[in-house]
Structure formats: C-alpha cells, structure tokens
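The next block holds one structure in the form of structure tokens; read it before the comments.
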Amino acid sequence: MEYNFNEIEAKWQKYWAENQTFKAENTSEKPKFYVLDMFPYPSGAGLHVGHPLGYIASDIFARYKRHKGFNVLHPQGYDSFGLPAEQYAIQTGQHPAVTTETNIATYRKQLDKIGFSFDWSREIRTSTPEYYKHTQWIFTELFNAWYNKVADKAEKIETLIALFEASGTENVNAVCDEEVSSFNADEWKAFSELKKQQVLSKYRLTYLSETEVNWCPALGTVLANDEIINGLSERGGHPVERKKMMQWSMRIAAYAQRLLDGLNTIDWPQPLKDSQTNWIGRSQGASVTFKVEGSSSGVEQPTTNNPNLKGSSSGVEKQDLDSSSSKVIERSRDGVEQPITNNQNLEGSSSGVEQPTTNNQNLEGASSGVEKQNFEIEVFTTRPDTIFGVTFMTLAPEHELVSKIVTDEQRAEVETYIQATAKRSERDRMADVKTISGAFTGAYAVHPFTGENIPIWIGDYVLASYGTGAVMAVPCGDQRDYDFAKHFGIEIKNIFEGVDISEGACEDKTAKIANSDFLSGLNVKKATKLAIYHMEQQGFGQGKINYRLRDAVFSRQRYWGEPFPVYYKDGMPQMIAKEHLPILLPEVEKYLPTEDGQPPLGNAEVWAWDTVNNKVVHNTEINNETVFPLELNTMPGWAGSSWYFNRYMDANNPNEFASKEALDYWKEVDLYLGGSEHATGHLLYARFWQKFLFDLNYVPVDEFAKKLINQGMITGTSAFVYRLEGTQTYISKGLIGDQKVQPIHADVSFVNAQNELDTDAFKAWREEYANAEFVLEDGKYMVGREVEKMSKSKYNVVNPDSICEEFGADSLRLFEMFLGPLEQSKPWNTAGISGAHSFLKKLWRLYANANDFKGVEGEPSKDELKVLHKTIKKVQEDIENFSFNTSVSTFMIAVNELGALKCNKKEILEPLLVLISPYAPHITEELWSKLGNEQSIATAAFPIFEPSHLVESAKEYPISFNGKMRFKLELPLDLSAKEIEEIVMAHEKTEAQLQGRTPKKVIIVPGKIINIVG
RNA sequence: GCCUAGGUGGCGGAAUUGGUAGACGCGCUGGAUUCAAAAUCCAGUUUCUUCGGAAGUGCGGGUUCGAUUCCCGCCCUAGGUACCA
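Counting with my numbering, you get residues -3 to 1010 for the letters of the first sequence.
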C-alpha cells in the first residue's frame, strides 16, 4: 500500500476539526501550558514557507506537552488592523474589512493545510468589534489612571483626586507632565470642573499633547520617519513638513524602571533584552544648572522647569539621594516642543530626518547683548564628580537658548553652522564621528562652584533629543569633549591624580579626582556623592536618573484602526463608559484624509456622541450640550497586540476582556515564539500594558510571557539571469567572462534544482522578455544564485501550499525543522525536501512490512529496545532544548536502524510513532490507527525512557597518540585502567605508531578514551 | 564605535561537562533493478598522499595528556544600537 500523503493529511485534518481534538479546557486537573505564536498580519500576499517556521516549532512543542500530560492552550488569530489594507482600500475603494476577510480566509486555508494543532474555537481578530471593544476599554482605563510613585504603581484617578482634596499637591508624588503647578486642597476645591480636568490630564497615563508629525501635503497624510528620504516622501518624492498635531500619548516612561527590572525575571533571549535595555536607556547622574554670564540672579527666573529649553523633556526623574529631601516630582515630558525624532522613535522607525527648525528665524530677531538676561542652561551628567574639569559648555545647534545668548560678533558664524547642521540628516551626524565641528556663541556660563567664566559652544555631537540638549564638557574625562577641545584650542584641565591626558581623555573610572577643591583625593563613587550633596545644598543641581525612553504617541491619522471611545466637550476629551462600548468604526466614503487635513474619520457623517441616548448619531445633531463630536484619530497597530495574549484565555467572553477564573488559571504565556524585529515595538508596549493591567488588579501576573524564543528568518535563494547591457541577449552564467551584464531576477519557479532556466517560461513571463535571446552553455541556460530575503519583489517566494501539494505537510514540517537551528536564519532550498520526504516513505514501509501495518506482539530484541530508548532520550532532550533539527536526524537514524533490524514489534513501533507525531502528525495518526488504536495519537502518553536498555558491556575505544585518534579497539567495559593499558600497549598498531619510542604517559579514561603521549 | 549572535566539506548542518571532527540530509560519483524512466536499494564522497600515512573546524598565540569546545589578540558576517553627556 502506497503512502498517499494527500489523502491521509486531508483525512486527519478533517478528523481533528470535527472532534475538536485540540480544544483547550479552562478547567482541568492537568497542569496548564500556554504556547503562543506572535499572531500574523494577514497580508494579501499570503504565507510563504518562511512564515510557518515558528508555527511548526511551537506546534511541535504544544503537541509534545500534550503527550506529556499538560492541558495545552495553543491559539491563533490575526492582527487585522493595519496599513496595507487601508492603502489597498484607498487605491481600489474596497472596504478594508472586506479585503481583510479575504486575506484571513487565505491564511486560514494555508494554515489548515500544514496541520497545526490550534484551538480555533479561540480565534481572535483585532479588527472585530467583539475584540476592539476591550481595546477601547483598556484605553479608557489608562485615561482614568495615574502613576503613584509612592506605591510605585498605577492607580485609579480617584485616588489622586482624593489626595488633591485632602492636601492638594503636597503629598502627591506622581509621574506627570513637566509644567505642573502646585496648589493646596482649598485651591483644588475652588477650581472649576474644567480646570480640574486640565490639571488631571497632566497626570493621566494617556493624555493629549501637541506633538510634531511629518506631514506630507501632497499625499495628505502623516508619514513615519522611514517613509521619508532626504526630506521627501518615499512614495512620490513630495516635500514633507513638520506640523503640530494634538495627539494621544501613552505615559510609558512611568514604567521605565519596572520595564527594566522585569527583564531579570523573564527567560527571553539576551539580545532582545539588551535592545530593550538600550531602548529604555537608563543613566544615573546629576542635573546641574549653569547660569549664563550676565544673568542677574535677582530677577525672577522664567521657571524652575525651564520650558525655554527646547527638547529638555527627557523622562527625567529627580533622584532621592538625600533622605531629608522633600517631595519629588517626576517629570515625564513637557509635551510642548518635542523634536520629531523623539516621538517617532517608539514607532519602530530608526532613521530620522532632521528638519530645519525655527531657530533660524529666531536668530534674525534675536536680542542683542544688551538684553541678555537671566538665562540658565540645565545639563545632565553621569559624572558630577568631574565638575571641576568643566572648561566649556556645548549646546545642541537646535537648542533654543542658542539664539538668545549668541553675541553679535558670533552671530554670523553660529547661523552658518546651524544651517550647515540642519542639512545633515541625523543619520549623517551619527555615522560621521570623525569630523569635529562647532561654533562659539560668544557667550559664557558661570561655573557654579568656582565662579569662573566658561565659554559656551554649539556642536552637533550634542543631540537635542537626549537629556537637556546641552552638556557640561569635561575634556579631560570624555573623549568627545577632548577631541572638541583639541580641535578648537579650548583649555583642557586635568582633574585626575597622576594621569597623563596629553594623548586622550581619561575615561577610566578608577582614577582619583584631583585639583577639585573639596573633591580632591576622592574616588569616583565618593566624589560623585559629595558633589551631588554640595549641588543640592547650594541649590543648582540634584541627583537624577535619566531615561531615554519617551512617552509613546498613540494617535494615528488613519481609517483602519480602533476608534477612540472619546468625545470632546469644551475641548476636553471625555471617555465613553464601558457599558456603551464598542464604538464602531464608522462608514466613510473615502479613506483619505479630508481636504482640510483632518484624519479620514473626518469624512464620516455619523460620528457624534449623544450623551443622553448614549449612541453614535449624525454630525448634524452636534449641539455641544448633549451631542458632541467624536475623536477623529484611530489607535496605532500596537494597541490590539498589546493585550491579545490575555484574550485567548477566554476569547469568547462578551462581557470582559477575560474572566478572572480564566486569567487565574492560564496566568501567562509559557512559551512565546516570534521574530526578533518586535524587540522594541510590540514586546515593550505589551509589557507596559500588562504591568498597567496588573497594577489595577485585572491580570494576575505583571510579565505576560515567561519564556520567549526568536525564530530566525528563512531566506530565499534568488535566481538571476544576465542581460548583456542594452540588448535582449541573455548570457548563461558560465559564459559571462568580462562582458558587461545586468543581473535580473528571474522567478525561481522557472529554475530547476540544477540551476537550469526554463527559457520558454521566462520568455512567456513578461512582454519585455518575449524577444529574449539566450546564449547557452552545453545547450542549457544556467542562472546565478544568491541568498536574499524572501519577498515578492525578488521573485524568490516559495509557497507552502505547493509544497504540501507535492510532498505533503508532514514533509514540509520535518524539512523546515531539519533546515537548522530554530533561531538562526537559513536559506530555503526546495531540492532538500526530498530527504525529509523519503524518510517518511521509509517510515511508512517499516510499518507496511510489520505484518501489514498491524505489527507483531511479542518481546522486542535487545537491539530494538536500544534503538527505541536512545531515540526517546535524544528526542525528549532535543524538544526541551528547542533543538528540533537534531531530533529529525534522530528519527532518520532510528528508522534506518529499525529497518536494518527488520523490526515489526508493536512494542517498538507504537512508542516510536508517539515520538514522531509532534513533528509529522498526519502520518503518525494514520499508522497509529492502522496498528489498531481507536483514539487519536494526540491522547497517547509520551514513552518513558528506560536507561537500562542503553547499558553496554563493551566499548570501541578510540586510541589516540598525542591527542590524535589513530585506530579503534573494542574492549570490555569492565576492564580496569591497568588491564586496558596492558592490552593497548601490546597491540601491534601501537607499536607501529610508537616506532620504538617509549611513551611518556598513558591517559586512560575508562569508557571514553585512551591517549598515549610520547 | 558599542552590544549580541555567529564563522566547521560542494551545500544545510551535527559533535552532552574539554575526550573518535564532519552525525543526518542534499548534491555528486559508481553500481544493482528497469526495454527505458521514475521510484527503490548498495557502495563511495574534508583535503593532500609516495597508499605507510599526514594535515584539517576564520587567522595568530596560550592553557591541557587531549581544544570546534576554555583563555588572550586579530579578521570577517549578520542583527541591534546611542556621538547618550
């Protein structure tokens, strides 16, 4: 009987679906295990063979855990809001919901063909109202919460109101905006409702703030940083300008420290943890304020928070170093003039185009030296101990103070420099470390300890987006400051004891401080502490912890996303109560922004909130008394994916995002699989939301995934043909020689395993190739091959459906695992699948030969038992170490050996099937039932390893000379070292090796190796 | 620059705490079977070799009886990143 994989696979896929074999129970005696894949965005292109790699691995693990007696939750769903569907809608006018539905159907069909053990009864889609009503609810919960630094967790906003009512801001230690004002309880009570709301909004975990975006008037849309190239839009090359927009932000910076600390409690790959650590970017030091020379100290300062320092909002927190220090307000951001790069950083884009800022205009009208007054420069330093080594200040060219302090003599030079800097993209500035540039402003700052005048420079090595956008330069202790000082001939003061700084800065943290007044003679640690103490005493500085992590912009000017459950009354946002959710995405005629630049929801006609009837009504009914306009932005792609793992626990619950019972049972994901590209996007936001939900007691754990594994990419093997430049002549690879040719991608489906091109198929592919002429070698056209990312545009995509069709899902699953270690990226080569496929055929034959699939009862031989048990041991170890490639080899070896032994014993063949079934579930189900079993193999227990079957009486010893194995010798294992030595030394090959020499030493490790030295 | 992972035959890749380098598969070569092909099976396949052997895991050192594995320095590739004060 033939191995008819198509028939077998269809049969069992149907069986699993009909019997709900993989449905997880929310109550069970068994221990729980939750295996999750990062859910896919259902794109129009469908799955290629790279996508299922992680799904196959997680499926093997899920099936293995079931065999091991666990109640396994292994769900799947779709991250179905997103840009491509919207883009397609704009182009074709089709509703994104329709195309999304079609794409999901394709995905589902493809997934089903591979035989995954998903519990499809828990499928979710982020774009369905049943799902996004909870996303909307979580948003309102964030709005109605603040971060209490005393409790170090988020709390309901009511507890903040209670504090205000009791004692005003006196006892409040919160994460909030920079420019909050202080008030007492009576003042609070006297505030109008509007004023109260305005105050509270500075504390809420999601808040509105004006942030700058990349606005492209020609496309009528906002662009991400990586959609902009040299100041022009990637699509179309239109100019992009910076525009301020009122947007929702998430106060993720409040969680910076806990997000950092949590990394120590989870088993995630180190590179992933490292990138989160870098992203959060904690540095400890001090904030120091320098007065600009000429400032009159008697005059009232603008504010202590210095809002005139552009870009000074850096998630900075005052550090409580001195127990006597009073109330500490943590600042998260000023929310006013964020340089664009900050806001976009969190969106996963890396590059930033530095737009010219308004500084140039400021310069024109800037005051002359006469009016120079009461300016301060706030800096953040990690080395407050080196403050006596400060010989100059450097401001970022974009720093707002530059235009105010520059002297008339230096104005022209500074202006030229700023303009030159503005032209350089941030990427340029980053890449070019060697060029040192800057300009002197003519102004001086006053050293707060010595009173000396310190020149103020600007330089583009200082970034406006980090810290305060200004540094106190200590050339003797910082190489960049050193280089800058050397270049411009600025004084370099040595404040290190016995260190030579003639060649470079001393960045060694063990050096002792010298020439530093009260800090002299101290080590770094002590000097730092003392310096901060003095700064705090004299009121110009304090200990601080600085985080790079910024609050995340949460608004998108798009259609295909979750609508905000928000309406506006007197310009203040109001949340719609939980019981009225979901607020359904309205119908619009066009998915483009409105003509006056409003987001696409501005096109909706029925988009107003009736507070009396609690429903969405026509815009014409807006009266701003009972009917109000609704929010026009939608939520970003990461909203729905930040909590979906909790939804699977109770996916069909209509009332809550998940029941308490379900959450308490499943708790968290035990194994999470996905690509490393989500390191700082999805995985950081999801951890943030989980911690927030934990703080409010909605979830039982504050980290949602115990263990995470990144699967590597499967790359494609592209095929190239070589066109003689300017002709339609294509030269076979081996004949190119010195001729000038252009490599052109050919579709990999036209090329066979021997790299020969089907020239007719190529000619028929596209009109431009119809007249192609080929220069052949040996009558064939040979293509070139190159490994690249698998993508449609490179014509190297291999589709899993066609593989399933031709070789079967079991072959695909085995082969994808066999390819190499899970985490590594590796090239796909369809030719290799024949190995996996012929293994399955061999497996089939082994059972066919065993009493026509029925097997034989009776005691297996010692050798048969040995094969089985060494396989059990290895496979179990491999799965638990996620080393799936090696267990496939192990199966091949086992089947080869059992085939050689002509094994037909049921006692061997049955457990072997259970071992293989997580990898190749269809064929094993079929053989399992042919052996006479009535239950699905999924219910079978994993075989138990019995070490006694592997005990050997003899060992084939490798005999080494000076560490090199020269020959082998089989010896009984019960010999003593001495007996072994006698036998080996008497052996003729030993004599030949030694050629008469006497060995210096003989090393014998019984059971392992014999090494003769000499 | 820094961080992380990696570098082993023609290819994908094995090698437990330092103990037989190249398992397993692809490809290739030869053979069996076949009218022929597919499929299947058998043998071979790191390099060099005077056929005795010898060398060999990116490069150069070191530790060790013994190193793909541990240590030091360097080179290259991939991913991440921040000129982060």
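Backbone N, C-alpha and C fix where the C-beta goes; we use that ideal spot for every residue, glycine too.
Between the alpha carbons of glycine 485 and threonine 377 lies a gap of roughly 23 Å.
Residue burial annotation: glutamine 553 is buried, with at least 16 other C-beta atoms found within 10 angstroms of its C-beta.
Taken in chain order, the whole beta strand (DSSP E) runs of length 3 or more contained in the region 376 to 452 are 388 to 391, 435 to 442. For valine 236, the closest alpha carbon among the candidates Asn210, Trp12, Tyr640 is that of Asn210. Three or more Cβ pairs closer than 8 Å define a contact, and the region 980 to 992 meets that threshold against the region 948 to 968. One Cα belongs to leucine 107, the other to aspartate 797, and the distance between them is close to 9 Å.
Taking the Cα positions, methionine 888 is about 14 Å away from arginine 809. Isoleucine 373 is bridged by DSSP to Phe286. Looking at the DSSP output, valine 549 sits in a beta bridge with Ser245. Residue nearest to glycine 65 within the set His945, Glu975, Val980, Thr935 is Thr935 (criterion: CA-CA distance). The C-beta of leucine 190 has fewer than 16 other C-beta atoms within 10 Å across all chains shown, which makes the residue exposed.
Separation of phenylalanine 624 and aspartate 660 (C-alpha to C-alpha, rounded to the nearest whole angstrom) is 40 Å.
According to the DSSP assignment, threonine 102 belongs to the alpha helix (DSSP H) that extends over 92 to 109. Residue state for methionine 961 is assigned as strand, using DSSP reduced to three classes.
In this structure, DSSP gives glycine 598 a helical state, which the three-state scheme calls helix. As DSSP reads the structure, phenylalanine 770 sits in a beta bridge with Tyr726. For the pair glutamate 802 and alanine 6, the Cα-to-Cα distance works out to about 14 Å. Within 10 angstroms of the beta-carbon of histidine 47 lie 16 or more other beta-carbons, which makes it buried. With contact defined as three or more Cβ pairs closer than 8 Å, the region 671 to 686 and the region 252 to 272 are in contact. Look at arginine 59 here: in three-state DSSP terms it is helix.
Between isoleucine 450 and methionine 531, the C-beta gap is not smaller than 8 Å, which leaves the two residues out of contact. In the three-state scheme derived from DSSP, where H, G and I count as helix and E and B as strand, isoleucine 919 is classed as helix.
Buried is the label assigned to aspartate 646, since at least 16 other Cβ atoms lie within 10 Å of its Cβ. Within the model, the alpha-carbon separation for lysine 974 versus isoleucine 1006 is close to 12 Å. The criterion of a C-beta distance shorter than 8 Å is not satisfied by glycine 539 and threonine 122. Ranked by Cα distance from glutamine 594, the options Ser177, Gln243, Tyr74 are led by Gln243.
The beta-carbon distance between leucine 669 and serine 54, rounded to whole angstroms, is 5 Å. This is short enough to meet the 8 Å contact definition. Going by C-alpha positions, proline 569 is about 18 Å away from lysine 240.
DSSP places threonine 155 within a helical segment (H, G or I) once states are collapsed to three. Judged by their CB atoms, glycine 258 and glutamine 707 are not nearer to each other than the 8 Å cut-off. DSSP, read as helix, strand or coil, puts glycine 780 in strand.
Going by C-alpha positions, phenylalanine 878 is about 16 Å away from threonine 867. In this structure, the beta-carbon distance from asparagine 795 to histidine 44 falls below 8 Å. Close CB contacts of proline 27 within its chain, under the 6 Å cut and outside five residues either way in sequence, are with Phe66 (chain order). By the C-beta density criterion, aspartate 666 is buried, having at least 16 other C-beta atoms within 10 angstroms. In the three-state DSSP reduction, serine 956 falls in the strand class (E or B).
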